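For the record, in the sequence shown the residue sitting at position 48 is 40 according to the numbering used here, with numbers rising by one throughout. In this text, a Cβ means the ideal position worked out from N, Cα and C, and glycines have one as well. In this text, all values refer to a predicted model and were calculated from it rather than measured experimentally. Note sheet for the following structure.
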Amino acid sequence: RVEIAEAFGFRSPNAAEEHLRALERKGAIELLQGSSRGIRLLESVEEEGIPVVGQVAAGEPILAEEHIEDHYPVDPALFHPRAHYLLRVRGMSMRDIGIMDGDLLAVHRTRQAQNGQIVVARLDDEVTVKRFRRRGSIVYLLPENEDFEPIRVDLRKQPMTIEGLGVGVLRNQAL
-7 RVEIAEAFGF RSPNAAEEHL RALERKGAIE LLQGSSRGIR LLESVEEEGI
43 PVVGQVAAGE PILAEEHIED HYPVDPALFH PRAHYLLRVR GMSMRDIGIM
93 DGDLLAVHRT RQAQNGQIVV ARLDDEVTVK RFRRRGSIVY LLPENEDFEP
143 IRVDLRKQPM TIEGLGVGVL RNQAL
């Protein structure tokens, strides 16, 4: 612990110990009792990458095991806020902001959205990617392609769930 304290500029080995315990709680390391240098790095769950979700069945959670097609080898922390999954985009309704058919949309899982944000919304058991705009109890899901019509949702009459925010796009140029 003394070496760690010196290397990181901590004032005491106790500070190093506190940081090590925090890393252990987060699952990054395992502290091995009875060994002077008993620190073992644990394999990160994220090493397999971010789950890629394709078609989503009606009424089922997006991250249900049967919807996960693959894992994409990218660090979720590259996106802000952090990406929880990648959604394979179908259609061209968001073309004008660079989200194309077949792209992988990095999604931060949340139920909250602010006006102007790109959302993944569940509406009538379908999942759609659109720009979010809310005025009172009326939500507009706006496409970014003039060939598509906005979707108007009266929350007093029709349920809608925000599944997450679009935080980035990945495209395979080789295809």
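At a Cβ-Cβ threshold of 9 Å, TYR132 and ARG144 count as neighbours. Judged by DSSP secondary structure, ILE(-4) falls within the alpha helix (DSSP H) whose first and last residues are -6 to 0. The beta-bridge partner set that DSSP reports for LYS122 consists of VAL111. Going by DSSP, HIS100 is part of the beta strand (DSSP E) stretching over 96 to 101.
For ARG3, no pairing in a beta bridge is given by DSSP.
Within a 10 Å sphere around the beta-carbon of ASP139 sit fewer than 16 other beta-carbons, which makes this residue exposed. DSSP, read as helix, strand or coil, puts HIS76 in coil.
A check of alpha carbon separations from ALA98 across ARG80, ALA8, ASN6 and ARG(-7) identifies ARG80 as the nearest. Between the alpha carbons of GLY90 and THR120 lies a distance of about 16 Å. Excluding residues up to 5 positions away in sequence, ILE154 lie with their Cβ nearer than 8 Å to the Cβ of GLN104 in the same chain. Counting of Cβ neighbours within 10 angstroms places ASP67 among the exposed residues, the total staying below 16.
Here SER4 has ALA(-3) as same chain residues with Cβ atoms under 8 Å from its own Cβ, once five neighbours each way along the sequence are excluded.
In the three-state reduction of the DSSP assignment, GLU155 falls in the strand class.
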